[in-house]
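Trainee: Line by line, the protein sequences are chains A and B. Taking the numbering used here, the leading residue of the first sequence gets 48, the next gets one more, and so forth. Taking the numbering used here, the leading residue of the second sequence gets 48, the next gets one more, and so forth. Think of the CB as a built atom: it goes at the ideal place given N, C-alpha and C, for glycine as much as any other residue. What you are looking at is a predicted structure, and each value in this text was computed from that prediction instead of being measured.
Protein chains: 2
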Amino acid sequence: MKLSKKSEYGLRALLELTLVHGKMTLQRHHIATRQHIPIEFLEQILLALKRAGLLSSRRGVKGGYALIKPPGEVTLGQVIRILDGPLAPIGCVSKMAYQKCGDCPYAEHAQCPVQHVMGSVRDAIAGILDHYTLDDFASGHRKG
Amino acid sequence: MKLSKKSEYGLRALLELTLVHGKMTLQRHHIATRQHIPIEFLEQILLALKRAGLLSSRRGVKGGYALIKPPGEVTLGQVIRILDGPLAPIGCVSKMAYQKCGDCPYAEHAQCPVQHVMGSVRDAIAGILDHYTLDDFASGHRKG
DNA sequence: CTATTCTTGATTAACTCACTCATGAATTAA
DNA sequence: TTAATTCATGAGTGAGTTAATCAAGAATAG
Numbered sequence: 048m049k050l051s052k053k054s055e056y057g058l059r060a061l062l063e064l065t066l067v068h069g070k071m072t073l074q075r076h077h078i079a080t081r082q083h084i085p086i087e088f089l090e091q092i093l094l095a096l097k098r099a100g101l102l103s104s105r106r107g108v109k110g111g112y113a114l115i116k117p118p119g120e121v122t123l124g125q126v127i128r129i130l131d132g133p134l135a136p137i138g139c140v141s142k143m144a145y146q147k148c149g150d151c152p153y154a155e156h157a158q159c160p161v162q163h164v165m166g167s168v169r170d171a172i173a174g175i176l177d178h179y180t181l182d183d184f185a186s187g188h189r190k191g
Numbered sequence: 048m049k050l051s052k053k054s055e056y057g058l059r060a061l062l063e064l065t066l067v068h069g070k071m072t073l074q075r076h077h078i079a080t081r082q083h084i085p086i087e088f089l090e091q092i093l094l095a096l097k098r099a100g101l102l103s104s105r106r107g108v109k110g111g112y113a114l115i116k117p118p119g120e121v122t123l124g125q126v127i128r129i130l131d132g133p134l135a136p137i138g139c140v141s142k143m144a145y146q147k148c149g150d151c152p153y154a155e156h157a158q159c160p161v162q163h164v165m166g167s168v169r170d171a172i173a174g175i176l177d178h179y180t181l182d183d184f185a186s187g188h189r190k191g
């Protein structure tokens, strides 16, 4: 039940990019120093977010990264899935990346008690993270 | 955001022990074969649960493990904390095992946006798992 | 052309996960 | 009391993940 440093750094980096959205680009070393993130690790994260279509980038002297999606349309759930994988505690209750559990004796019967509880946990987590946007995140309070 | 095999096995083992609670003890190999759990790994888990005060055990020919707490008083949250550690996605929002985040630039100001969301996530997870007992678990549905 | 900045891919150390093994100690049945 | 059974403890292991770090390349501005 843990959020990786990768996702935490990713969220903090996106926070910086959200604050200047539409106004300017940020260079990785700005983000790194402002948010205390190791610059080379940050790089990997920004590139993953770029590959996923959230960021644009420019090389060279006036280069940097920018958020290209509207901050109100990007949820923390999306970001965490990009950087950490599925939100679900176990594969067999994941909705975006379902995986049948091989060894569970209840696997076939769909009456697995573990699956039942963890399904609620998944829904609770996704219920929060998939409705919490970068806008909410930057303004510090939850969307109704 | 993942539940370890250790916790999953632990919950499935406790399910077996709950079903026979007050009636008999179970030997590790019974639990292992019924729930498809590697026996040596199961051993570790059962011993951890014993050390935590949930189980009793007897050695020798008529030995085995038994649940000593009433199944209605043991929550899945307790079990997972024993086997996997804190439920919270990050240390700085854990209530049972709080840990100050060292590198976060918001650490001192308590206005950290990550902390804010992850606090709700923690509460949602704990809200489910700390109210879901072994009784609920064994009967397959949630306590009101 | 040169300095700057992003891009790519490889490499690393430390750690965790999921076991596995070996040995010892308690209990019971013969 | 001896042997078989079962739990107890601690160490060890291989695969994989996490959190970086490094090196070399490509685009851009001046």
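Within 10 Å of its beta-carbon, does residue 118(B) have 16 or more other beta-carbons around it, so buried, or fewer, so exposed?
Mentor: Taking the second sequence and counting its residues from 1, the one referred to as residue 118(B) is at position 71. Buried, by the Cβ-count rule.
Trainee: Whole angstroms is fine: what's the gap from residue 185(A)'s alpha carbon to residue 49(B)'s?
Mentor: Residue 185(A) sits at position 138 when you count from the first residue of the first sequence. Residue 49(B) sits at position 2 when you count from the first residue of the second sequence. Between residue 185(A) and residue 49(B), the C-alpha separation is close to 27 Å.
Trainee: Could you check where the alpha helix (DSSP H) with residue 79(A) kicks off and where it finishes?
Mentor: As a working mapping, residue 79(A) is identified with position 32 in the first sequence. Counting along the chain, the alpha helix (DSSP H) containing residue 79(A) begins and ends at 75-82.
Trainee: Please check the pair residue 181(B) and residue 61(B), which I expect to be a contact at CB under 8 Å, by giving their CB distance rounded to whole angstroms.
Mentor: On the second sequence, residue 181(B) is found 134 positions in, with the first residue counted as 1. On the second sequence, residue 61(B) is found 14 positions in, with the first residue counted as 1. Yes, they are in contact, since the Cβ atoms of residue 181(B) and residue 61(B) sit about 6 Å apart, within 8 Å.
Trainee: Residue 59(A) touches chain B at which residues, Cβ-Cβ below 7 Å?
Mentor: The residue given as residue 59(A) occupies position 12 in the first sequence. Ordered by position in chain B, the residues that pass the 7 Å Cβ test against residue 59(A) are 161.
Trainee: Taking DSSP's pairing of strands, which residues face residue 112(B) in a bridge?
Mentor: Your numbering for residue 112(B) matches position 65 in the second sequence. DSSP lists 73(B), 104(B) as partners of residue 112(B).
Trainee: Say whether chain B places a C-beta atom closer than 8 Å to the C-beta of residue 125(A).
Mentor: Counting from 1 along the first sequence, the entry for residue 125(A) is found at position 78. No, because no Cβ of chain B sits closer than 8 Å to the Cβ of residue 125(A).
Trainee: Would residue 172(B) count as contacting chain A if we go by Cβ distances under 8 Å?
Mentor: For the purposes of this step, residue 172(B) is identified with residue 125 of the second sequence, where counting begins at 1. Chain A, which has a Cβ nearer than 8 Å to the Cβ of residue 172(B), makes this yes.
Trainee: Pick out whichever of 176(B), 63(B), 58(B), 141(B) has its Cα sitting closest to the Cα of residue 124(B).
Mentor: Position 77 of the second sequence, counted from the start, is the residue given in the question as residue 124(B). Nearest option by C-alpha distance: 176(B).
Trainee: Tell me the DSSP bridge mates of residue 65(A)?
Mentor: Sequence index remark: in the first sequence, residue 65(A) carries index 18 (1-based). DSSP lists no partner for residue 65(A).
Trainee: For residue 137(A), which residues in chain B fall below 8 Å Cβ to Cβ?
Mentor: Locating residue 137(A) in the first sequence gives position 90, counting from the first residue. What residue 137(A) touches in chain B: 49, 50, 55.
Trainee: Mind checking residue 59(A): buried by the 16 CB within 10 Å criterion, or exposed?
Mentor: Within the first sequence, residue 59(A) is the residue found at index 12, counting from 1. Buried.
Trainee: Straight-line CA distance for residue 179(A) to residue 85(A)?
Mentor: Taking the first residue of the first sequence as 1, we reach residue 179(A) at position 132. Taking the first residue of the first sequence as 1, we reach residue 85(A) at position 38. Between residue 179(A) and residue 85(A), the C-alpha separation is close to 26 Å.
Trainee: Going by C-alpha to C-alpha distance, which of 66(A), 69(A), 87(A) sits closest to residue 76(A)?
Mentor: As a first step, residue 76(A) must be located in the first sequence, where it is residue number 29. Answer by Cα proximity: 87(A).
Trainee: At a CB-CB cut-off below 9 Å, which residues of chain B make contact with residue 152(A)?
Mentor: Stepping through the first sequence from its first residue, residue 152(A) is reached at position 105. The contacting residues are 59, 81, 82, 83.
Trainee: Grab me the residues of residue 121(A)'s own chain with a C-beta within less than 8 Å of its C-beta, minus the 5 sequence neighbours each way, in chain order.
Mentor: The residue labelled residue 121(A) in the question sits at position 74 within the first sequence. Answer for residue 121(A): 61, 101, 114, 180, 181, listed in chain order.
Trainee: Determine whether the Cβ of residue 66(A) lies closer than 8 Å to any Cβ atom of chain B.
Mentor: Residue numbering aside, residue 66(A) sits at position 19 when the first sequence is read from its first letter. So no, residue 66(A) is outside the interface.
Trainee: How big is the Cα-Cα spacing for residue 174(B) and residue 130(B)?
Mentor: The sequence position of residue 174(B) within the second sequence is 127, counting from 1. The sequence position of residue 130(B) within the second sequence is 83, counting from 1. Cα to Cα, the separation comes out at about 19 Å.
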